[in-house]
Amino acid sequence: MTEPRAFKDHFSTAAASYAAHRPRYSAALIDYLADLAPATACALDCGCGTGQLSVPLAGRFARVLATDASAAQIANAEPHSGVEYRVALAEDSGLPPASVDLATVAQAAHWLDLERFYAEVQRIARPGAVLALISYGVLQVEGAPAPLVEHFYYQVLGPWWPAERRHVEEGYRSLPFPFAECRAPALAIEVRWTLAELLGYIDTWSAVRELEKAQGRDPVEHFTIELAAAWGDPERRRPVRWPLALRVGRVGIP
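Take the sequence shown: its position 153, counting from 1, is numbered 153 in the UniProt record's numbering, and each next residue is one higher.
Dropping the structure here:
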């Protein structure tokens, strides 16, 4: 298996951690998208990472094709009988024309060449197919740890986030979206995590890798100690929430 041509790769080196610690998308999101699509024969999940959206989609779609430009992400993806994983650019899926009912990009649209990607979506979409750009921004942690997480995200990691991160924080509203847009419900990812689970997720952030390159592990260790003190019993499960931002549209409908 070979890598496709060059792409902005912030996650291949942490693919195993990404698979272990990134949250899965909710059943409510899957139902909304499946009910909106003209049929549920085939969904394409672009920039699929390790399958956080691909696997839930298989609960409603007969076939799910999941692509990512990173061979490492695909190698670490969650196996599922209803999901076919492929190494491919979102802008060059390799699929036949008019073959998908739903195309999704979850937490990855800000890395794409959108003009080329949208042209590819137009090519592979069946009449009335749905395209969904999905993102989640800054997590919300309940209780005393909340201000520590917020400070670490904005102040400590602020200079180390890639420029494209602003699109996530803006809920993709600043991205061009030349499709007939559908009104999306208010949805979120909600989990109850232990301290270790939260720290595992935070350690997948690209900004953490950049900070470590510049300053070593000390700033992360300092945050870990402070967070542990605020958390209390490390096995205590605290609510963690990510509000979802959706850009959803019908392809081929002005």
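Here a beta-carbon is modelled for each residue, glycine too, at the ideal position from N, C-alpha and C. If you're wondering where the values come from, they're calculated on a predicted model, not measured in any experiment.
Query: Buried or exposed (CB count within 10 angstroms, at least 16 for buried), Ile35; Result: Sequence check: residue 35 is Asp here, not Ile. That one is exposed.
Query: Contact the segment 113 to 124 vs the segment 59 to 75: 3+ CB pairs below 8 Å; Result: no
Query: Secondary structure of Glu181, DSSP reduced to three states; Result: strand
Query: Same chain only: Cβ atoms within 8 Å of Ala234, ignoring 5 sequence neighbours per side; Result: Sequence inspection shows Pro at residue 234; the Ala mentioned does not correspond to that position. Correct list, in chain order: Thr194, Leu195, Ala196, Ala228.
Query: Neighbourhood of Ala19 by C-beta distance below 6 Å, restricted to the same chain and skipping five residues each side; Result: Thr50, Asn76
Query: Start-to-end residues for the alpha helix (DSSP H) that takes in Tyr153; Result: Premise fails: Tyr153 is in no alpha helix (DSSP H) and is neither H nor E.
Query: Pair within 8 Å by beta-carbon distance, Glu43 and Val100; Result: Strictly speaking, residue 43 in this sequence is Ala, with Glu absent from that position. Closer than 8 Å, so yes.
Query: Nearest-angstrom beta carbon gap, Leu175 and Leu133 [assumed within contact, 8 Å]; Result: 7 Å
Query: Own chain partners of Trp231 with C-beta closer than 6 Å, once the 5 adjacent residues on each side are dropped; Result: Pro145, Leu195
Query: Cα-Cα separation between Trp242 and His110, rounded to whole angstroms; Result: 18 Å
Query: Distance cut-off 7 Å: Glu170 Cβ against heavy atoms of the ligand SAH; Result: The ligand SAH is not part of this structure, which contains no ligands at all.
Query: Proximal residues to Leu96 (C-beta, below 8 Å), its chain only, five neighbours per side dropped; Result: With the sequence shown as reference, residue 96 is identified as Pro, and Leu is not the correct amino acid for it. So the list reads Ile124, once near-sequence residues are dropped.
Query: Coil, strand or helix - Asp92 by DSSP; Result: coil
Query: Reference Pro219; option with closest CA among Val83, Val191, His151, Arg237; Result: His151
Query: Beta-ladder partner(s) of Ser99, from DSSP; Result: Beta-bridge pairing links Ser99 to no other residue.
Query: C-beta atoms of Tyr153 and Ile189 nearer than 8 Å; Result: no
Query: Residue 255 to Leu114 span [Cα, whole Å]; Result: In this structure the chain extends from 1 to 254, so residue 255 is not present and cannot be described.
Query: Coarse secondary structure for Arg86, derived from DSSP in three states; Result: strand
Query: Neighbour-count burial assignment, Val130, 16 or more Cβ in a 10 Å radius; Result: buried
Query: Alpha carbon of Pro159 to alpha carbon of Leu57, nearest angstrom; Result: 35 Å
Query: Three-state secondary structure (DSSP) of Asp113; Result: coil
Query: Boundaries (first-last residue) of the beta strand (DSSP E) holding Trp205; Result: Careful: Trp205 lies outside any beta strand (DSSP E) and carries neither H nor E.
Query: Where His21 falls, given that 16 or more other Cβ within 10 Å makes a residue buried; Result: buried
Query: Residues near Glu226 in its chain [Cβ-Cβ closer than 6 Å; skip 5 each side]; Result: Leu148
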